[in-house]
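Peer 1:
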Amino acid sequence: MPLSAAARALAARCLATANEAARRMARGDFEHLPGYAGLPDDMKDVEIAATVRHGVRTFLRQAADAAREPAGPGPAVEEPEALFRERAAQRAAEGMPLDLLLRSHLRGAAVLWEVLREHTRPGEEAALVELSGALLRAQEHTVAAVTRAYLDEHAALAGGHRARRRALVRDLLAGMVPADPAALAPLGRHGSVSVLVLPAVPPGRGEGAEEGEETHDPVAVRRAAHRLQAALDRTAGSDVLTLFDERGGHALLPGPLRDGDALARRLADACGVAELHCAVAEADGPGGIAAAARTAAEVLRIARACGRPAGLHRLDDVLLEYQLSRPGESSARIRALLDGAADRPDLLGTVRAHLAQGRSRRATAHRLGVHPNTVDNRLARFTALTGLDPTTDRGAALTLAALLLRDTDGAAPATPA
29 MPLSAAARAL
39 AARCLATANE
49 AARRMARGDF
59 EHLPGYAGLP
69 DDMKDVEIAA
79 TVRHGVRTFL
89 RQAADAAREP
99 AGPGPAVEEP
109 EALFRERAAQ
119 RAAEGMPLDL
129 LLRSHLRGAA
139 VLWEVLREHT
149 RPGEEAALVE
159 LSGALLRAQE
169 HTVAAVTRAY
179 LDEHAALAGG
189 HRARRRALVR
199 DLLAGMVPAD
209 PAALAPLGRH
219 GSVSVLVLPA
229 VPPGRGEGAE
239 EGEETHDPVA
249 VRRAAHRLQA
259 ALDRTAGSDV
269 LTLFDERGGH
279 ALLPGPLRDG
289 DALARRLADA
299 CGVAELHCAV
309 AEADGPGGIA
319 AAARTAAEVL
329 RIARACGRPA
339 GLHRLDDVLL
349 EYQLSRPGES
359 SARIRALLDG
369 AADRPDLLGT
379 VRAHLAQGRS
389 RRATAHRLGV
399 HPNTVDNRLA
409 RFTALTGLDP
419 TTDRGAALTL
429 AALLLRDTDG
439 AAPATPA
């Protein structure tokens, strides 16, 4: 937008006061901004003052030199933005809040307008209006450029921070403990660490999937992981170290986990499901995290395999089942006991439910939605095919061991990549 001769003359007259105006902003007007007084003196006296001086001088010089038909977008749009972007990225790296940075630019524009007004002579009111419009247009471009540069740098820093945290979790799950104690600061000073293992994220079917089809849409996984992270952070009261992908996840919570049932409900809500199986094991310190993660993964698989109710599972909850599922010399023969019913999922499902319901035929029938006599008939058929009688103590123990060994055969604890 072209400027009149009167507007250019007013800008030229104010140009001589640019240094004074910059000092006035950096060591006067800006001091009233929340958080500005706590900034280092060298930052205020050197970097911020130089940036303000550059912006003021550039705007006034471009306005004073503005031709009737400018080729560019107007005063103070192009040239000062390079320095503003550089300083904005620097402020992001130094941790200055974005609102303080933007307030300083807005306050600077207000002070510059006051300088223009103070030097306006009678009869130059129209020139002041012209320069005010140019200043507002320039400020619009400056704020946009500064915000974009700050957020880009902040995103890059946050991405690097998240990558370092994920790498730390991978190392700890692999049994590699960093030599630098500072790297372990996210684990807190409790000494012990609660290692939480979660199933696939998000559990169940993705949006738009057909019935029975399980999907792992990357966007859905990221959204579910974000919700899980938020739930864990609220529980711990700090940023929890996590590692999630479509195959499952781990979370390292400082100290012992107190209210596990409440956490399981929060995590289920975060995943958008009614029930969620997860497991936790406690490590004495960073060096025990890998072993605790393996134990928690085993506990989770066993709890699901033997039909335990959803929630947070610990080793004490499945002590017998855990021991029965350990491979040994007799494992192959025990697994083979189920071969006769391997092609009868209805019988195996009934036996699982029967064991999970404490061998109560009525509770089993209610869970399966069938008549108690149907449960009796299926159990009898299972016994005829396998030789195992799950209604007796010994038969139930052998059946449970066979089911666990078959369900966990060859399964290794999943560690997200």
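According to our numbering, numbering within the sequence shown proceeds without interruption in unit steps and concludes at 445.
C-beta: ideal position from N, C-alpha, C; glycine also.
Considering only residues of the same chain and omitting the five flanking positions on each side of A338, which have a CB-CB separation below 7 Å?
Peer 2: Translated into the one-based positions of the sequence shown, residue 338 becomes position 310. Here the set comprises E303, L304, H305.
Peer 1: If contacts are defined as beta-carbon pairs under 8 Å, then L416 and L383 qualify, I think. What distance do you get, rounded to the angstrom?
Peer 2: The residue given as residue 416 occupies position 388 in the sequence shown. The residue given as residue 383 occupies position 355 in the sequence shown. At roughly 11 Å, the Cβ-Cβ gap does not stay under 8 Å, so L416 and L383 are not in contact.
Peer 1: Between T45, G83, P125, which lies nearest to L67 when the distance is taken from Cα to Cα?
Peer 2: Within the sequence shown, the letter at position 39 stands for residue 67. With distances taken between Cα atoms, L67 lies closest to P125.
Peer 1: Three or more C-beta pairs under 8 Å: does that hold for the segment 286-303 against the segment 313-321?
Peer 2: no
Peer 1: Does any residue of chain B have a CB that is nearer than 8 Å to the CB of L281?
Peer 2: No chain B appears in this structure, which consists of one protein chain only.
Peer 1: DSSP state of L281, grouped into three classes?
Peer 2: Taking the first residue of the sequence shown as position 1, residue 281 is located at position 253. Residue state, collapsed to three classes: strand.
Peer 1: When burial is assigned at 16 or more other CB atoms within 10 Å of the CB, is S266 buried or exposed?
Peer 2: What you label residue 266 is simply residue 238 of the sequence shown in a count that begins at 1. Result: exposed.
Peer 1: Which residues in the same chain have their Cβ closer than 7 Å to the Cβ of H182, if we skip the five residues on either side of it in sequence?
Peer 2: Taking the sequence shown and counting its residues from 1, the one referred to as residue 182 is at position 154. For H182, where only same-chain residues beyond five positions count, the Cβ hits under 7 Å are A120.
Peer 1: Can you tell me whether T420 is helix, strand or coil according to DSSP?
Peer 2: Start at 1 with the first residue of the sequence shown, and residue 420 comes out as number 392. In the structure shown, T420 falls within a coil segment according to DSSP collapsed to helix, strand and coil.
Peer 1: Roughly how many angstroms separate the alpha carbons of A54 and G219, rounded to a whole number?
Peer 2: Taking the sequence shown and counting its residues from 1, one reaches residue 54 at position 26. Taking the sequence shown and counting its residues from 1, one reaches residue 219 at position 191. When rounded, the distance between both Cα atoms is 47 Å.
Peer 1: If contact is defined by three or more beta carbon pairs under 8 Å, each pair taking one atom from either stretch, is the segment 45-65 in contact with the segment 128-140?
Peer 2: yes
Peer 1: Using the Cβ count rule (16 or more neighbours within 10 Å means buried), how would you classify Q351?
Peer 2: Working through the sequence shown from its first residue, we reach residue 351 at position 323. It is exposed - the Cβ of Q351 has fewer than 16 other Cβ atoms within 10 Å.
Peer 1: Leaving out five residues on either side along the sequence, give the residues of the same chain with a beta carbon under 7 Å from the beta carbon of R332.
Peer 2: Reading the sequence shown from its first residue, position 304 is the one you call residue 332. Excluding residues within five positions, the ones whose Cβ falls inside 7 Å are H305.
Peer 1: Pull up the distance between the alpha-carbon of W141 and that of C42, whole angstroms please.
Peer 2: The sequence position of residue 141 within the sequence shown is 113, counting from 1. The sequence position of residue 42 within the sequence shown is 14, counting from 1. Near 11 Å, if we compare the C-alpha coordinates of C42 and W141.
Peer 1: Compare the beta carbon distance of V301 and D273 with 8 Å and say whether it is the shorter of the two.
Peer 2: In the sequence shown, residue 301 corresponds to position 273, counting from 1. In the sequence shown, residue 273 corresponds to position 245, counting from 1. Their beta carbons are not under 8 Å apart, which means V301 does not touch D273 by this criterion.
Peer 1: Report all residues from its chain with a CB closer than 8 Å to the CB of D374; omit the five preceding and five following residues, and keep chain order.
Peer 2: Position 346 of the sequence shown, counted from the first residue, corresponds to residue 374. So the list reads R406, once near-sequence residues are dropped.
Peer 1: Check the C-beta distance from G288 over to V308 and give it rounded, since I have them as a contact under 8 Å.
Peer 2: Numbered from 1 along the sequence shown, position 260 holds the residue referred to as residue 288. Numbered from 1 along the sequence shown, position 280 holds the residue referred to as residue 308. So it is a contact: roughly 6 Å between Cβ atoms.
Peer 1: According to DSSP, is V327 part of a helix, a strand, or is it coil?
Peer 2: Numbered from its first residue, the sequence shown carries residue 327 at position 299. Here V327 sits in helix by DSSP.
Peer 1: Going by CA-CA distance only, name the one from A279, L179, I330 that's closest to E114.
Peer 2: Within the sequence shown, residue 114 is the residue found at index 86, counting from 1. Closest option to E114, Cα to Cα, is L179.
Peer 1: By how many angstroms is the C-alpha of A78 removed from the C-alpha of Q118?
Peer 2: Position 90 of the sequence shown, counted from the first residue, corresponds to residue 118. Position 50 of the sequence shown, counted from the first residue, corresponds to residue 78. So the two alpha carbons sit approximately 14 Å from each other.
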